[in-house]
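Contents: one structure, followed by commentary.
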Amino acid sequence: MLIEWGWKEEYNFFALADSISLYHLHKGVRQPLHFEMLDATAYTERHATHCFVPHRHSFYQLIWFQKAGRHFIDYTTYDHEPDTLYFINLGQVHNFCDDSDNSGVLFHFNDAFLHHSGDSEQHWLQYKLFTEVGSPLLPLHDTQADSFEALRKLLWEEYTSKVPGYEGQVYHLFQVLLTKVERMVETEHVHLLEGTEELQKMIKFRSLMEDNLDQMHEVGYYADALGISPKKLTELTKRYLGDTPAHLLYQRKVLEAKRLLSHTGLTVKEVGYRLGFTQATYFTKYFKKQEGITPKEFAQKVVG
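Converting from the sequence shown to my numbering requires adding 1153 to each position, the first position being numbered 1.
Structure (structure tokens):
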């Protein structure tokens, strides 16, 4: 039996998310599939108390909205057309909008599922599709939506059959679906990583950013950890992530500050300290440079 929303925790996840509810996939289930596929309308109705408030997952969420509507991710409300895919990364704050038509399909899966085959291609897909860099959504054209629906039907038939060996078929069919989606992303002129070595360095850079949110490291620290020069790191992040490492670090730290200010009840000074700022005044300047308002003004605006 699949456990969909029954477990939540409120503790530090991806450095510092204290009181944003964190939900797990299949926690406490012996030999889980690490994957589930759900009707989005039924899901949001059944879990209305959770879905419509900001929360996080310790798993990936691929959402296919079949109707026009809205979705909230990291303090931005995104409007979408019918047949739009959303990619929700591990630990990313989001919620469904209760005044929106949430018709569609949800795909939940975690790292154990993604790495099941041991194929480095899965790491590539993980990096390209589920990242907080760039837009979190992908509108599908008519032919793309038809192709996606055909694969969804095959996957649903296998997933619900529960016949012996169905797990392997689900793994392979979902891998095909993700690969198909990645190709759709490519048609939208999103940069793709071309080499395994560069891929691994970008994955590690992202991981280092998350692991060091409570520190104030210079770009040189990350370059040294990756075994490359700061110039090379800048070249890679500009090419594949669309920005300099310094600005990516800046944006990520400010985003975490916004999450903490919105959901923890911590003071500005406490949030700054958690993010590696020894002085509240420096944190305030750092935050205002990115957002145009002070952390205190942001908290008053969001929390009231």
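C-beta atoms are modelled at their ideal positions from N, C-alpha and C, and glycine is treated no differently.
Beta-carbon separation (whole angstroms), F1260 vs L1215, contact threshold 8 Å
4 Å
Taking the DSSP output, what are the residues bridged to F1436?
In the DSSP output, where bridge partners are listed per residue, F1436 has none listed.
Sufficient close CB pairs (3 or more, under 8 Å) joining the stretch 1293-1313 to the stretch 1322-1334:
yes
Simplified DSSP assignment, three categories, for P1448:
helix
Residue ranges of each beta strand (DSSP E) within the stretch 1226-1256, 3 or longer
1229-1233, 1237-1241 and 1247-1249
What separation, rounded to the nearest whole angstrom, lies between the Cα atoms of E1198 and N1255?
10 Å
Can you list, in chain order, the residues of its chain whose CB lies under 6 Å from that of E1274, leaving out five sequence neighbours each side?
With a pLDDT of 48 at E1274, under the threshold of 50, the modelled position of that residue is not reliable, and the figure given next carries that caveat. Within the same chain, E1274 has no close Cβ partners at all.
Does the separation of the CB atoms of N1248 and H1200 fall below 8 Å?
no
Closer than 7 Å by C-beta to Y1228: which residues in its own chain qualify, once you throw out the five before and the five after it? Chain order, please.
K1411
Considering only residues of the same chain and omitting the five flanking positions on each side of L1402, which have a CB-CB separation below 7 Å?
M1362
So is L1253 buried or exposed if we call it buried at 16+ other beta carbons inside 10 Å?
Reading off the sequence shown, one finds Ser at residue 1253, where the question assumed Leu. Buried.
According to DSSP, which residues form a beta bridge with I1145?
Beyond the ends of the chain as shown, which are 1154 and 1457, falls residue 1145; an answer cannot be given.
So, is D1232 buried or exposed, given that buried needs 16 or more other C-beta atoms within 10 angstroms?
exposed
Looking only at DSSP bridge pairs, what is P1207 linked to?
Its beta-bridge partners do not exist; DSSP assigns none.
Quickly, what does DSSP pair H1224 with across the bridge? List them, please.
Y1231 and F1249
Here's the rule: buried if 16 or more other CB atoms are within 10 angstroms of the residue's CB, otherwise exposed. What is R1336?
exposed
DSSP has L1191 in a bridge; who is on the other side?
L1259
Ends of the beta strand (DSSP E) at P1292?
L1290 to P1292
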